[in-house]
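Q:
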Amino acid sequence: MKQAMHWRPLTTFDLPVVEAIAEKVHPGFPEDLSVFAERQLLYPDGTRLLELDGIPSGYILSHPWRFKSLPALNALLGAIPPDADTYYLHDLALLSAARGTGAAAMIIGDIQRHARAQGFTNMSLVAVNGSIPFWTKHGFRPFPAPELTEKLLTYEAAARFMVKRL
């Protein structure tokens with residue numbers, strides 16, 4: 021039987037479940053609830069919650085940002101920069117039940133259309149946790165940026181800055 025799959029806008033009521041999903045999916049990259057709350061408040065159009073048969077099973081946090089200016093992990097942004105020139109994917113987390121369902125491709129496509137409609141010519145992210153093959157499959161490519169080496173090491177040694185042209 022096929023599961024009912026639905027990405028919906030993330031609300032403040034969803035933040036505790038987002039935190040719980042993050043703890044399961046990204047235990048090596050902890051972030052405070054305040055980080056999730058600020059992303060949702062600053063750019064609600066870039067935050068969504070995945071429900072499988074009505075059960076929260078994933079989320080995405082994304083927002084406009086400055087190209088090659090990486091937000092620190094577990095840090096507040098303060099504001100969306102008025103001169104943002106990339107659409108940044110902060111986090112995509114799916115519980116194991118949601119993997120292989122097409123949910124990731126669905127939300128990446130939706131966010132890509134949103135970014136393009138907002139006038140962005142690229143999307144960027146930091147790939148961690150062995151996710152480079154996943155992001156490559158979705159059209160992102162490692163982008164050489166030696167000036168980001170030290171910042172990327174604050175994520176993990178294998179972290180890579182990746183870009184997708186829109």
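If you count the sequence shown from 1, position 99 lands on 119 in our numbering, and the numbers rise without skipping. Heads up, the beta-carbon is just placed ideally off N, CA and C, and yes, glycines get one too.
Note the first and the last residue of the continuous beta strand (DSSP E) segment covering Asp111.
A: 106-114
Q: Going residue by residue through the region 117-182, where are the continuous beta strand (DSSP E) segments of at least 3 residues, counting only ones entirely within it?
A: 142-147
Q: For Ala137, which of Ala57, Gly48, Leu30, Thr106 has the nearest alpha-carbon?
A: Thr106
Q: In the region 47-117, which residue ranges form an unbroken beta strand (DSSP E) of at least 3 residues, counting only runs that do not cross its ends?
A: 67-72, 75-85, 106-114
Q: With a threshold of 16 other CB atoms inside 10 Å of the CB of Ser116, please say whether the residue is buried or exposed.
A: Residue environment: Ser116 is assigned as exposed (fewer than 16 neighbouring CB atoms within 10 Å of its CB, all protein chains considered).
Q: Could you tell me which residues DSSP pairs with Asn29 in its beta bridges?
A: In the sequence as presented, Asn is not what sits at residue 29; that position holds Pro. Note: Pro29 sits in a beta bridge opposite Arg68.
Q: From Ala24, Glu71, Tyr79, Asp73, pick the residue whose C-alpha is nearest to that of Ala42; which is it?
A: Selected option, being the one with the closest Cα: Tyr79.
Q: Mapping DSSP to helix, strand and coil, what is Lys22?
A: Here Lys22 carries a coil assignment [DSSP, helix/strand/coil].
Q: Where Pro50 and Thr174 are concerned, what is the direct C-alpha to C-alpha distance, given to the nearest angstrom?
A: Their backbone Cα atoms lie some 13 Å apart in a straight line.
Q: Have a look at the DSSP bridge pairing and note the partners of Lys184.
A: DSSP output for Lys184 lists Met143 as bridge partner(s).
Q: If you measure between the beta carbons of Ala123 and Leu114, is that distance less than 8 Å?
A: In this structure, Leu114 lies closer than 8 Å to Ala123 by Cβ.
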